[in-house]
Every structure is written in structure tokens, then in C-alpha cells.
Amino acid sequence: MGAERLSDMSEIVYSDSDLFRTFRDLLAAALSGKCNMYDELIGKMHQHEGRLSPDEVALIVGLSGAVSCIDEVHHQSLLNCIFRMSTWNYEPEVMDALVEFLISLMFVSNFMPPAHFLKKLEDPHRRDSALARKDQIAHYVENVFRLESGAIGHLVGRESLVAMIMDRLIDLDVEIRWEDILQEDCNKGVFSIELDDMEEAFDDDDAWRPSTRKSLGKNAIAEKLDSLMVLTFEHLKSCADSGRLSEVFDALLQSFEKTVLTAYKSKFAQFVIFYACSLDPENYGVRFAALLTDIFLNQSSLPQTRMSAVAYLASYLSRGKFLPTSLVFSTLQRLECWCLEYCEVCNGDVNPVAHKVFYSGCQAIMYTFCFRMRSLMDAPRLNDEHLLKAIESILKHPLSPLRVCLPSIVNEFLRQAKAAHLFTISNTFIFDEHLESELSIAFGGPDRLDMFFPFDPCLLRQSDRYIRPNYVFWSMVRITYDDEDGSTSDEDAEVLVEQNGDYIADGAAAMSLEENDFEIDEFNYSLDKMSITPKNTLRSRFEGQVLPRMQMPSRIRPSTSPESL
């Protein structure tokens with residue numbers, strides 16, 4: 001950043017959040033000794049009275065959003081320079097920017113308890129000494145929420161206050177690396193096995209985290225993020241109890257679209273809006289699903305934004321216990337209509353990069369069906385023949401979504417579809433293992449957005465307690481097949497290959513369990529423990545042969561779910 005110049009910013013159009021983030025980076029760089037842009041900023045502040053250009057006014061506006069990063073010692077020269085500026089000597093827009101900066105600076109300084117007061121709180125004999133152990137940022141967040149709840153919240157703007165909190169959560173979220181969470185040698189799939197004692201482990205603070213994941217307990221950033229999210233959950237709950245959740249939710253939805261949705265693989269911050277939706281599913285749960293669907297269907301949105309939106313949508317529809325089946329059905333209809341129209345227009349060859357938005361939509365449909373197929377089949381008025389025919393047409397299209405989408409999702413979807421007799425011509429599809437291919441790897445580009453499931457179970461200890469009551473774990477899903485038989489016979493091992501435009505079964509292409517070095521006894525034992533479906537119930541319902549247990553793919557992203565054991 002030291003090689004950049006402040007004057008270069010005039011050539012770029014910045015949003016408010018980008019501008020604030022730029023100035024936070026600038027101030028942080030000055031603390032580390034990289035002062036080029038900082039010195040240039042001070043020079044800009046020494047312009048003659050009344051002659052600040054619009055770009056220079058934007059500098060003051062940017063500083064207003066970064067006041068929490070100003071250090072009164074290290075940035076004293078900047079503060080002195082601004083304090084010497086008289087509002088009466090400048091144009092109205094400059095006056096407004098200066099007043100906004102001073103108000104923001106006053107808010108930040110008054111949100112923090114005085115240093116002498118914090119020292120008193122460190123006295124072990126004080127009843128409220130626990131407050132002294134909280135991080136300063138927690139005090140800041142608490143006071144922002146108090147401001148939002150009061151009369152001044154309307155005056156200042158609830159949208160900006162909520163955005164401040166969400167920006168802080170995202171800043172902490174992105175600092176937690178996936179390497180800090182996942183085991184390097186974990187080969188579990190998206191729908192990995194969950195043991196019965198996992199529920200008990202979550203009730204035991206000492207054994208809370210599954211062994212398939214690295215512990216976040218010693219991660220200071222994760223602990224800080226966890227504490228801030230708990231404060232946010234409590235504030236949302238108090239808003240719901242007082243009947244003013246609508247005021248906060250509108251601001252939260254805007255902040256999600258601008259900040260969370262565009263953040264690269266956010267891990268935990270998105271659960272704030274998940275929890276808010278659970279407080280009023282009929283209103284806010286429906287609105288959030290509609291927003292994500294509209295973003296995906298909007299062709300003017302960036303492809304990465306559309307892919308991220310549909311990934312959020314699929315994960316949300318699958319994991320939200322509070323969402324009605326009718327909402328899931330209507331949303332799937334909208335996705336399938338778009339995918340079907342896309343198929344009618346595009347008849348080219350398989351191209352994971354060129355058609356990545358289409359494949360994202362197909363994967364979202366299959367992923368949602370993996371969690372919701374049984375409930376959709378159990379609702380007679382929702383068991384729409386036209387819907388099923390649309391799915392069949394999409395999956396049979398020459399674009400071959402079954403070959404491109406994540407194999408674990410394709411396998412689980414087809415397995416449940418076969419057991420439920422979802423399609424009229426079952427021989428059309430592969431009912432065996434899809435191994436990860438170059439096509440599925442290419443899907444989503446080098447960033448592998450195809451492996452992003454935003455609402456995988458929350459790994460933050462305290463935050464999970466707010467999410468869990470309204471959350472669907474994979475072990476809770478009523479699957480359509482019976483786990484009574486855990487073997488895979490040669491007759492059932494079929495692979496679909498394309499020959500002269502038709503799809504035919506090729507048993508020689510199948511992979512056996514032994515070839516993937518699965519421990520069959522342990523696999524079947526875990527499988528029996530996972531099932532919560534009464535035995536033989538689906539045989540009478542669907543009057544079809546129960547599909548034997550199939551192996552899970554071995555080369556996919558390790559699951560970030562508690563059910564990964």
C-alpha cells in the first residue's frame with residue numbers, strides 16, 4: 001500500500017464501504033511505518049481555506065467512517081490538522097463533512113469507557129469485575145446497540161449503525177482461515193456421517209468440537225467474533241420482543257447484500273440474518289429467500305454475486321427448520337423455470353466456466369432436494385408432476401449438470417431420487433458414484449465457489465446455542481432410502497456414459513468400495529446410528545426396491561458440519 005498514492009483514488013469510483021475500508025487500511029499502514037499516503041493526506045488537509053475540491057471533501061467523508069482506527073498519539077498530526085479547519089471558512093459541503101467527522105469522532109470516544117474506570121473494574125472485589133475482561137470492541141458494540149435502540153437511532157440512521165456492526169463482524173470473519181478450522185487429511189463429504197453422541201458432545205463444553213476439525217477454542221479472533229455475534233443475537237431478540245424487529249431487519253438486509261454476500265466465503269457472520277429470519281419466519285424468512293432468488297435471477301448482477309446468492313439460498317432452504325415446505329417448493333419452481341429457459345437457449349457443449357451460473361442453479365436445486373425431498377414428497381399438493389418433469393429435462397440436457405456439479409451432491413440426490421421413484425424413467429440417470437472430474441473441478445473457476453455452503457453448522461461455541469434450535473443437521477434429515485442394507489452389489493454399480501447422443505449404463509466404469517479403501521464395518525455401523533427413519537416405511541410407500549448403500553466420494557472438500565464424524 002505504501003507504493004500507492006492518494007491522488008490515484010480520484011480515478012476510481014468508490015462505494016461508501018470501500019472508501020471507509022481504504023481509510024482504515026491507510027491509518028493502519030501509518031502505524032506500521034508506511035506513511036506515504038498518510039503524509040499525502042495531511043498535505044491535502046493544508047489546502048487554502050474554502051478551496052477543497054469534491055475529491056478532497058471525500059477524504060474527510062472517508063475519515064468519518066474510519067474514526068475507530070484513529071490513534072490519538074500516532075495520528076496526532078492528522079487530528080491537529082483537521083481541528084485547525086474552521087467550518088465557517090469552507091463551502092457548505094465541506095462544512096457538512098467536517099461536522100459529520102466530528103460527530104463520528106465524538107461517538108467513538110464516548111462509546112469507550114474511560115481508562116481509569118476500566119482500571120477500577122479490574123478490582124477482583126467488585127461484583128461486576130467480569131465486565132473488565134471484555135474486549136474493548138465488545139463495549140463499542142454494546143453502545144452502538146444502545147444508540148440504535150434509542151431515539152437518536154432514528155436521527156443518526158439505523159442503517160449506518162447496523163452496517164457498522166456487520167462490517168466489524170465481517171472484518172473478524174475473514175481473518176479466520178479455513179486452515180484454522182479443517183483438518184488437512186479430512187476426506188469426509190458434504191453429507192458426512194453424524195454419530196448420535198454428537199448431540200451430547202455439543203452440550204459438553206469440554207467436548208464441544210468434533211474431532212474432524214481443528215479447535216477454534218484458542219483462536220482469539222474466533223472468540224472475539226463469537227462474543228460479538230452473541231451480543232448481536234441478544235439485540236435482535238430484544239428488538240423482536242419489543243415489536244421493532246422490522247426497523248432493524250430492513251437495515252440488516254441491506255447490510256447483508258452489500259457486505260456479507262460479497263465477502264469471499266464468509267464463515268460465520270451470515271448467521272446473524274439466519275437468526276433474524278428465525279424470529280419471524282412468515283415475514284422475514286420469506287423476504288430473505290425472495291431477495292436471494294431475485295439476485296440470482298437478475299442478469300445484470302455479476303456472475304460471482306449470482307452464484308454466491310444461489311449458494312446462500314440453497315443452504316438457507318436446506319438448513320432453516322423454521323421454513324415451510326410451501327416456501328421451499330415455490331422457490332425451487334422459480335429456480336427450475338430459469339434453468340429450463342436457459343437450457344432452451346443454450347445448446348452448446350459442456351463448459352463449466354461459461355455456464356457456471358447455470359450449474360450453480362442446478363446444484364442449488366439438487367442440494368435443496370437432498371434435505372427436503374422427503375417433505376416435498378409427503379405433501380400431496382406439492383408433489384407436482386410438472387416440477388419433476390422440469391428437473392428431468394434440465395438434468396438430461398446436453399450441458400450435463402450431473403457431470404459438472406459437486407459429485408457428493410449429485411450422488412445423494414440421485415440416490416434419494418431413485419428410492420423415491422422421483423422420475424418416470426430411472427434408467428436415464430446414473431444411480432452410482434460420480435467421481436470428481438476435471439469438469440467438476442473447473443466448475444466455479446480456481447476459487448472453487450462450487451464448494452461453498454454458507455450455512456454449514458456454526459462452529460462458534462456460544463453462537464451455536466442460538467442457531468441450533470432452528471437448524472436442520474444432516475442427521476435429522478428424513479432421507480427417502482432405507483439404510484438397512486449397507487452393501488453395494490455389482491448389479492447396482494452402474495455408470496452412465498454418453499454414446500451417440502444417448503445415455504447408457506456402463507458397469508465397467510463403476511468404482512467399488514474396496515477401491516476407495518473404505519472401512520465397511522465402521523461405515524455401516526455409523527450409517528445405522530445416523531438413520532432416524534423407521535425401517536421399511538418407504539418400501540410400502542414407494543413400492544420399489546430400496547437402493548443399497550453407496551460409497552461417498554473421496555476427493556471433495558472436507559465438510560464443515562458437526563455431522564462430519
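Under UniProt numbering, read the sequence shown as residues 1 to 565, first letter to last.
Just so it is clear, CB atoms sit at the ideal spot from N, CA and C, and this is done for glycine as well.
Owing to the predicted nature of the structure, the values given are computational and were not obtained by experimental measurement.
Leaving aside the five residues before and after residue 64 along the sequence, list all residues of the same chain whose C-beta is less than 6 angstroms from its C-beta, in chain order. Your numbering for residue 64 matches position 64 in the sequence shown. Cβ within range, chain order: 100, 101, 104.
Going by DSSP, which residues form a beta bridge with residue 150? One-based indexing of the sequence shown puts residue 150 at position 150. Per DSSP, none; premise fails for residue 150.
With DSSP collapsed to three states, give me the class of residue 90. To locate residue 90, count along the sequence shown from 1; it is residue 90. It is coil, neither helix nor strand.
How would you call residue 320, buried or exposed, if buried means at least 16 neighbouring beta carbons within 10 angstroms? Within the sequence shown, residue 320 is the residue found at index 320, counting from 1. Answer is buried; the Cβ neighbour count reaches 16.
Between the Cα of residue 235 and the Cα atoms of 317, 377, 312, 150, which residue gives the shortest distance? To locate residue 235, count along the sequence shown from 1; it is residue 235. For residue 235, the nearest C-alpha among the options comes from 150.
Which residue marks the beginning of the alpha helix (DSSP H) containing residue 170, and which one marks its end? Working through the sequence shown from its first residue, we reach residue 170 at position 170. 158–175 is the extent of the alpha helix (DSSP H) around residue 170.
Name the two residues that bound the continuous alpha helix (DSSP H) containing residue 290. By 1-based counting over the sequence shown, the position of residue 290 is 290. Taken as a continuous stretch (DSSP letters only), the alpha helix (DSSP H) holding residue 290 covers 286–297.
Rounded separation between residue 470 and residue 42 - CA only: Against the sequence shown, residue 470 aligns to sequence position 470. Against the sequence shown, residue 42 aligns to sequence position 42. Taking the straight line from one Cα to the other gives about 51 angstroms.
Here's the rule: buried if 16 or more other CB atoms are within 10 angstroms of the residue's CB, otherwise exposed. What is residue 300? Taking the first residue of the sequence shown as position 1, residue 300 is located at position 300. Exposed is the call here.
By alpha-carbon positions, which one of 245, 455, 246 ends up nearest to residue 310? On the sequence shown, position 310 is the one that residue 310 refers to. Closest option to residue 310, Cα to Cα, is 455.
Can the beta-carbon of residue 413 be found less than 8 angstroms from the beta-carbon of residue 476? Counted from its first residue, the sequence shown places residue 413 at position 413. Counted from its first residue, the sequence shown places residue 476 at position 476. No, the pair does not count as a contact, with Cβ atoms beyond the cut-off.
Reference residue 267, options 387, 229, 378, closest by Cα: Position 267 of the sequence shown, counted from the start, is the residue given in the question as residue 267. It is 229 whose Cα lies nearest to the Cα of residue 267.
Span separating the alpha-carbon of residue 303 from that of residue 237: Along the sequence shown, read from residue 1 onward, the residue named residue 303 stands at position 303. Along the sequence shown, read from residue 1 onward, the residue named residue 237 stands at position 237. Looking at the two C-alpha atoms, the distance is approximately 35 angstroms.
Taking DSSP's pairing of strands, which residues face residue 471 in a bridge? Mapped onto the sequence shown, residue 471 falls at position 471. Note: residue 471 sits in a beta bridge opposite 320.
Should the stretch 255–262 be regarded as contacting the stretch 278–285, the criterion being three or more beta carbon pairs within less than 8 angstroms? no
Whether residue 305 touches residue 334 by CB criterion (8 angstroms): In the sequence shown, the residue the question calls residue 305 occupies position 305. In the sequence shown, the residue the question calls residue 334 occupies position 334. Going by C-beta atoms, residue 305 is not nearer than 8 angstroms to residue 334.
My understanding is that residue 347 touches residue 407, with C-beta atoms under 8 angstroms, so please give their C-beta distance in whole angstroms. In the sequence shown, residue 347 corresponds to position 347, counting from 1. In the sequence shown, residue 407 corresponds to position 407, counting from 1. Contact doesn't hold; Cβ gap of about 25 angstroms is too wide.
Pairwise C-alpha distance: residue 136 and residue 226: As a first step, residue 226 must be located in the sequence shown, where it is residue number 226. As a first step, residue 136 must be located in the sequence shown, where it is residue number 136. Between residue 226 and residue 136, the C-alpha separation is close to 14 angstroms.
Return the chain-ordered list of same chain residues with a C-beta closer than 8 angstroms to the C-beta of residue 336, the five sequence neighbours on each side being excluded. Mapped onto the sequence shown, residue 336 falls at position 336. Cβ neighbours of residue 336 beyond the five flanking positions: 365, 387, 390, 391, 394.
Can you grab the Cα-Cα spacing for the pair residue 421 / residue 372, in whole Å? The sequence position of residue 421 within the sequence shown is 421, counting from 1. The sequence position of residue 372 within the sequence shown is 372, counting from 1. Approximately 15 angstroms between the Cα atoms of the pair.
By the three-class DSSP mapping on this structure, what secondary structure does residue 270 have? Counted from its first residue, the sequence shown places residue 270 at position 270. If DSSP states are grouped into helix, strand and coil, residue 270 belongs with coil.
Which stretch, first to last residue, makes up the alpha helix (DSSP H) that contains residue 44? Within the sequence shown, the letter at position 44 stands for residue 44. Looking at the DSSP string, the run of the alpha helix (DSSP H) that includes residue 44 is 36–45.
If we count Cβ pairs, one from each stretch, closer than 8 angstroms, do we get three or more for the stretch 58–72 versus the stretch 20–28? yes
Keeping to the same chain, check which residues put their C-beta closer than 7 angstroms to that of residue 323; ignore five residues upstream and five downstream. Taking the sequence shown and counting its residues from 1, the one referred to as residue 323 is at position 323. Hits under 7 angstroms: 281, 285, 317.
Is it buried or exposed, residue 361, if we count other Cβ atoms within 10 angstroms and call 16 or more buried? As a working note, residue 361 is residue 361 in the sequence shown. The residue is buried, with at least 16 neighbouring Cβ atoms inside 10 Å.
Distance check for residue 176 and residue 183, CA to CA, integer angstroms please. Taking the sequence shown and counting its residues from 1, the one referred to as residue 183 is at position 183. Taking the sequence shown and counting its residues from 1, the one referred to as residue 176 is at position 176. Because the pLDDT of residue 183 is 48, which lies under 50, any placement of that residue in the model is unreliable, and the number read from its coordinates should be weighed accordingly. Each residue's Cα considered, the two are about 14 angstroms apart.
Which residue from 31, 148, 139, 415 puts its Cα closest to that of residue 244? Sequence index remark: in the sequence shown, residue 244 carries index 244 (1-based). Cα-wise, what sits closest to residue 244 is 148.
Closest by C-alpha distance to residue 288, when choosing among 343, 331, 17: Translated into positions along the sequence shown, residue 288 becomes position 288. Per the Cα distances, 331.
For residue 275, which three-state DSSP category applies? Walking along the sequence shown from the start, residue 275 turns up at place 275. If DSSP states are grouped into helix, strand and coil, residue 275 belongs with the helices.
Measure from the alpha carbon of residue 249 to the alpha carbon of each residue in 258, 273, 269, 144, then state which is nearest. Taking the first residue of the sequence shown as 1, we reach residue 249 at position 249. Measuring from the Cα of residue 249, the nearest candidate turns out to be 273.
Neighbour-count burial assignment, residue 106, 16 or more Cβ in a 10 Å radius: Counted from its first residue, the sequence shown places residue 106 at position 106. Exposed.
Closest to residue 141 by C-alpha separation, out of 296, 160, 157, 165, would be which residue? Along the sequence shown, read from residue 1 onward, the residue named residue 141 stands at position 141. If we check each option's Cα against that of residue 141, 165 comes out closest.
According to the Cβ coordinates, are residue 374 and residue 479 closer than 8 angstroms? Here residue 374 is taken as the residue at index 374 of the sequence shown, counted from 1. Here residue 479 is taken as the residue at index 479 of the sequence shown, counted from 1. Result yes, Cβ atoms of residue 374 and residue 479 sit closer than 8 angstroms.
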